[in-house]
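Chains A and B supply the protein sequences, listed in that same order.
Per the numbering used here, the very first residue in the first sequence carries number 21; after that it's consecutive.
Per the numbering used here, the very first residue in the second sequence carries number 51; after that it's consecutive.
C-beta atoms are modelled at their ideal positions from N, C-alpha and C, and glycine is treated no differently.
Note that the coordinates shown come from a computational prediction; the quantities given were computed from them, not determined experimentally.
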Amino acid sequence: MFEKILVPVAYGERREELKKAGKLLKGLGASSISLYHVNEPGSFFRGTDLSWLTLLAEALEEVGLTVEVKTGGGHIASAIAEAALLEGADGIYMKAKRRWHIETMLLGSISRDLLRLADTPVFVHKARPRLPDDEMEPEPGNLNVLYATDLDEASARPLPYVMKFRGAWCHVLHVRRRMADPATEQTRRKAVDGELQMVAEELRQYYEHVTFEARIGDPATEVLHVSDRIGMDVVVLGRKKPAFFSAPMGATAERIVTGSKASILLVPQSGDHNDS
Amino acid sequence: MIREYLRREGVFLLSAGIILFFIGFGIVQPDLLDSFSSTVHAAILDNFSWFYLISVFFFLIFVLILAFSRYGTIKLGRDTDKPQYGFFGWVAMLFATGMGIGLLFWGVSEPLVHFLHPPSFIDPASPDAAVFAMRYAFFHWGIHPWAIYSIVGLSIAYFSFRRGMPALISSCFYPILGDGIHGTAGKLVDVLAVFATVFGTATSLGFGALQIHSGLTHLYGISSAISVTIGIILIATALFMASAILGVEKGIQVLSKSNIILAIALLLAIFALGPAPYIFNVFTSTLGGYINNIIDLSLQSYPFAGFEWSRDWTVFYWAWWISWSPFVGLFIARISRGRTIREFVLTVLTVPTLFTFVWFTIFGGSALHLELEEGAGIAAVAGEDVSLALFAFLEHYPFAGILSLAAILLLIVFFVTSADSATVVLGSLTSGGGLVVPNYKKVVWGLSLSAVAIVLLVTGGLDALQVMAITAAFPFMLVMIGLCYTLAIGLSQEKVRE
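Okay, here's the thing in structure tokens:
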């Protein structure tokens, strides 16, 4: 499922860091990496020597991965999303860079754009899980995964990816709005508990420990709260088209990516295609 | 045991406690109460008059969007529910809801006062001032008040008839408060509704008592001392309390229906005895101006010239309507079970509004005709004492004595029926939304309404009534914004065909 990964890189990427990321990806089942660089229009480095890319590729090859190097141009996030489709990548891996909040507000961030545009699952690597050291081998079996679902079609699609992590603990979190009256609320609560129970049963063969929880509130706020409360490494969620009124606030996924310390795997809904 | 009682009667005890404290404070320290309420009122107006305008405009847009959206087909009741009343019976009840003390009090005086004291950019007592006066009378009594009532009515009807919850404002907050509607937050919402209803109704009762007194002074030359106004309130209180406690609902209904017939008869008499073509022209041109300028009127606070005018009139009216909204909203919800949201909104916005337009055109238009064409000098009387304007106007008609007596009778009956209904509504709001209200609660609320009206009249007269209406409405306006949100959440959970 994560056999071929597209890894976007920019000039100045640290070789050692990429090598650690390669180890992690290999641990998650990757065998082939497409190292992709986008020449930004007007970039100072455009058309110059790209030997640094070869050095990065070598670093990944040292981990035991097959690497091919590709370059493209145009709007960065769009070019990455397009390349992932053309290359037939199973996912896109990005290491989130720290940026000043004001800068993100003014310029937007590539990872946020990519989350909105990509038709391929995107893994945004944040502070957790920590990348393995040189001497240490990654241990995906220790991962704690939070699977955020609203139990509809968009949220069912990430389930195979959740299974793929095969971590130590999977916490299934369902967040929804409260129903409009107590009777409907009670019926809904029972139905949700039943469905979460079924999802948890499905996941039990892949994880040592599976728990589930239903909460009422704003999805982004609750996912961030729970993820921080129990110190999850990865949050897996599906992407849905944002409702009209939520657009100025940002889609739930974007808000989670911005606020989360855990890494995010965002799986787009099939048919939720961007025309970009 | 006591804990259970406090929990069950929390809304009643808290709201009655606050109102009794207010009455006691007004009796012991009237000057302090006046200065305190004026300070709060000034702070609200200085900082939030724009908020009243934008909120009420939002309420109008919100109900119109609901009516014309796919949610418009949702029934206020179960899908199988049939309307409780036939269409014409329902329309007649809505029509009657639009009538009351306010129409009699302001029907003549409002256009005349605007005509005499428009904002500074309009020449007073000019034809432009007359156009402005009629347009604003239509605006203040037009679809905006009914949009306010619709928000409360729709919310209560939706959450009680369709979602099976008690007919309380707090029930509408279940989507955000959950079981918290039975806790402090829910009780606070209901207390704010009670608070708004008491002051909104007391304001109307105060207006009614002032006008009855003016009419009696005008007709029979009785003393104009405030003690007479208090005496009128006490007599009317005895009447409506007797009706509320003895449970003479049928008697009250007969009285109410007779009063509406008498009001329509008075309206037709003024129309028949007045300049009919002139009145028709006033109606069509004012309606055109109102429709053409409705967005500007809705959001106009005249910040460069006339800001105080807007605060004194438009903001006062919006606050007064908001303070009446739990009362009227509850009533129109109760009679609208089985109607769709579209039917409800469109009928509630148009039927009572058209009637008030006709009322203002006949009374206000005829008064302006007397003023502009015949130099009757009624505007000066209205400028001096708004409660006297109606009787000064009727003096220019044949059978003036009979017409004035009919107007006084109308006012007394409206006073009694409004106060009687308000007592029952307040009782219901403080009894978990039930229709069976214990007598002691009726006594407490009936006496409270009259006592608040008296305290306000004694401490500051007409101004004090307006000040308290605005102050009490402000928190409830925030509750109404919450109602829009929770109604939207509730409706979004409905399965409606696109």
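Counting every other CB atom within 10 Å of its CB across the protein chains shown gives A/E274 a total of 16 or more, marking it as buried.
For chain A, the residues of the segment 192-223 of chain B that bring a beta carbon within less than 8 Å of one of its beta carbons are F209, R213, G214 and M215, in chain order. DSSP places B/W191 outside both helix and strand once states are collapsed to three, so it counts as coil. In the DSSP annotation of this structure, the continuous segment of the alpha helix (DSSP H) that includes B/H419 starts and ends at S416 to E424. For A/A234, the enclosing beta strand (DSSP E) begins and ends at H229 to I236. Under the Cβ distance rule, B/D229 counts among the residues neighbouring chain A, one pair being separated by less than 9 Å. Within the same chain, and ignoring the five residues on either side of A/G279 in sequence, the residues whose Cβ sits closer than 8 Å to its Cβ are A240 and L244. Assignment of alpha helix (DSSP H) within the segment 177-246 of chain B, counting only whole runs of 4 or more residues, yields 177-190, 193-207 and 224-227 in chain order. Where A/T91 is concerned, the enclosing beta strand (DSSP E) starts and stops at T86 to G93. If you ignore the 5 residues before and after B/A146, its C-beta comes within less than 6 Å of the C-beta of I310, all in its own chain and listed in chain order.
Nearest to A/E222 by alpha-carbon distance, out of A/T207, A/K184, A/R235 and A/D201, is A/K184.
Each residue's CA atom was taken as its position, placing B/G228 and B/A217 some 16 Å apart. Looking at the backbone, the Cα of B/Y340 and that of B/D178 are separated by about 14 Å. By the neighbour-count criterion, in which 16 or more other beta carbons inside 10 Å mark a residue as buried, B/F86 falls on the exposed side. Chain-ordered, the chain A residues with CB closer than 7 Å to the CB of B/I539 read R197 and A200. B/T480 is positioned such that its CB atom lies closer than 9 Å to that of B/E59. When the five nearest sequence neighbours on each side are left out, the beta carbons in the same chain lying within less than 7 Å of the beta carbon of B/A319 are those of L453, in order along the chain. Here A/L55 is near A/A77, since their CB atoms are less than 9 Å apart.
Looking at the backbone, the Cα of A/K260 and that of A/R177 are separated by about 11 Å.
With the rule of 3 Cβ pairs closer than 8 Å, the segment 525-532 of chain B does not count as touching the segment 277-288 of chain B. Annotation for B/L126: no beta strand (DSSP E) segment contains it, and DSSP assigns it neither H nor E.
Using a Cβ distance threshold of 9 Å, B/L154 and B/L440 count as a contacting pair. Taking the Cβ atoms as the reference, B/A180 lies roughly 5 Å from B/L418, within the contact range of under 8 Å. Taking 9 Å as the cut-off, the Cβ atoms of B/S500 and B/T287 count as close. Using a CB distance cut-off of 9 Å, A/A240 does not count as an interface residue toward chain B. Residue environment for A/P180: exposed (fewer than 16 other C-beta atoms within 10 angstroms of its C-beta).
Inclusion of A/S52 and A/T86 in the CB contact set at 9 Å is warranted, their separation being smaller than that value. Per the DSSP secondary-structure output, A/G258 pairs in a beta bridge with A/V287. Interface annotation, B/Q543: in contact with chain A, CB-CB separation under 9 Å. Each residue's CA atom was taken as its position, placing A/H57 and A/V29 some 5 Å apart. A/R197 sits close to A/I236, with the two beta carbons spaced by under 9 Å. For A/A41, no chain B residue has a Cβ inside 8 Å of its Cβ, as the nearest lies near 42 Å away. In the DSSP assignment, B/T287 falls outside any beta strand (DSSP E) and lies within the alpha helix (DSSP H) extending over I276 to L296. The beta-carbon distance between B/A252 and B/A503, rounded to whole angstroms, is 4 Å. This is short enough to meet the 8 Å contact definition.
Listed along chain A, the residues sitting closer than 8 Å to B/P225 by beta-carbon distance are R197, R198, M199 and A200. Contact of A/A203 with chain B by beta-carbon distance below 7 Å involves G214.
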